[in-house]
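Letter by letter, the sequence shown follows residues 1 to 162 in the working numbering.
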Amino acid sequence: MPKLKKSEQILLAILGVVLLVVVWTQFLSGGKKKPTAARKVTQTIARTAQAAAAELGVASRPRASTIPPAVKEMFADWGRDPFAGANRLAPPDTASSPADSAELAWKGISRTPRSTMVIIGPYVLGEGQREGDLEVIKIERDYVICRFRGKNVTLFRPNSEK
């Protein structure tokens, strides 16, 4: 076997010590761990509570992960959960699409360095502008998102402008 450098000998010695510690803690000292003072107190209190419950004739109940019905009944009138609808997407509107209507048709787009305008029906609107029941939310190259009569509608670019 070739002679090892001093740094390799040190690393081998450290590895041997670590291996001995792992073997000792895992296999050789596998007896029961001695309870600490806090664990002894907790065990004593638990035994005392069980003895008192047995003396009174009350059965000790196991811990339940569900809320007991009495507690549910006690807090039933607190109102709705404020986080019930949080972080949920609204379902898509499957009602009749207002895009079928003649008054809501994307007719063109005008881009300038300062703003982008879109022609929808008889109106020329920019992002965030409102005219009657129609409000333009976002203007993109191939589509426009607008709110029409309380519903979000996406209008796609007319075929003639592609």
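The beta-carbon is built from N, C-alpha and C at its ideal position, and this holds for glycine as well.
Only a predicted model underlies this, so the values are computations on that prediction, with no experimental measurement involved.
Taking 6 Å as the limit between beta carbons, can you name the residues of its chain near residue i, skipping five residues before and five after?
| i | result |
| --- | --- |
| residue 119 | 107, 108 |
| residue 41 | none |
Taking buried to mean at least 16 other C-beta atoms within 10 Å of its own C-beta, is residue i buried or exposed?
| i | result |
| --- | --- |
| residue 139 | buried |
| residue 134 | buried |
| residue 136 | buried |
| residue 20 | exposed |
| residue 56 | exposed |
| residue 11 | exposed |
| residue 4 | exposed |
| residue 155 | buried |
Closer than 8 Å by C-beta to residue i: which residues in its own chain qualify, once you throw out the five before and the five after it? Chain order, please.
| i | result |
| --- | --- |
| residue 110 | 116, 117, 118, 119, 124 |
| residue 157 | 106, 109, 141, 142, 143 |
Could you tell me which residues DSSP pairs with residue i in its beta bridges?
| i | result |
| --- | --- |
| residue 151 | 148 |
| residue 134 | 131, 148 |
| residue 125 | 118 |
| residue 24 | The partner list for residue 24 (beta bridge, DSSP) is empty, contrary to what the question assumes. |
| residue 111 | 116 |
| residue 14 | DSSP output for residue 14 lists no bridge partner at all. |
| residue 139 | 144 |
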